[in-house]
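K.L.:
In terms of the working numbering, the sequence shown is residues 1160 to 1277.
Using N, Cα and C, we set each Cβ at its ideal position, and we do this for glycine too.
Predicted model only: the values in this text are computed from it and were never measured.
If you scroll down you'll find the structure; I have some questions about it.
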Amino acid sequence: LAAHLSEWSGHHQLPGLEKFAQQIEDLLADLIISVRTAVLPKTMPKLEKTQQEIAARLQELHRVRLEEIAANRGDTPVREAVIDYTLVSIEVERITRIVTIMHSAISRMYGAEVETAL
């Protein structure tokens, strides 16, 4: 997200972003504990659901923006929100993929150890 900071207006409350950030923070904390204690991590949180909520909000903004364009309205707060939310949505997808891979790898690593110990 930091890479897009210069393009982000910072004027818009982005619904779903705070929930997503909390989910990621909790997941990373759990993965740290898992690695340090060599135990399976907790079940993966429903990141895809939050990601879909963010995508739905972006789709709604696009719909409103298309109406503005049809009405020949140029630089509007919705235009700015679409730009902001598009950047965030791209990064949310990327972060979701990365942490899902991390969770899967750690689960496989410690899952194999648990099976071997049994």
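Nearest CA to the CA of Arg1216: which residue from Thr1235, Asp1243, Thr1196 and Gly1233?
P.N.:
Asp1243
K.L.:
Under 8 Å, with one C-beta from each stretch per pair, do the stretch 1203-1213 and the stretch 1248-1266 reach the 3-pair mark?
P.N.:
In short, these stretches touch, since the Cβ pair count reaches three.
K.L.:
Whose C-beta lies closer than 7 Å to the C-beta of Ser1248 among residues of the same chain, with five residues either side of it excluded?
P.N.:
Ile1213, Ala1214 and Leu1217
K.L.:
Expressed to the nearest angstrom, what Euclidean distance is found between the alpha-carbon atoms of Glu1310 and Val1194?
P.N.:
Only positions 1160 to 1277 of the chain appear in the structure, and residue 1310 is not among them; the question remains open.
K.L.:
Please return the same chain residues whose Cβ sits closer than 7 Å to the Cβ of Val1198, not counting the five positions on each side in sequence.
P.N.:
Tyr1269
K.L.:
Check the C-beta distance from Ile1265 over to Pro1200 and give it rounded, since I have them as a contact under 8 Å.
P.N.:
The beta carbons of Ile1265 and Pro1200 sit about 6 Å from each other, so the pair counts as a contact at 8 Å.
K.L.:
Give every residue of the same chain whose Cβ lies closer than 7 Å to the Cβ of Arg1224, excluding the five residues on either side of it in the sequence, and list them in chain order.
P.N.:
Val1237, Arg1238 and Val1241
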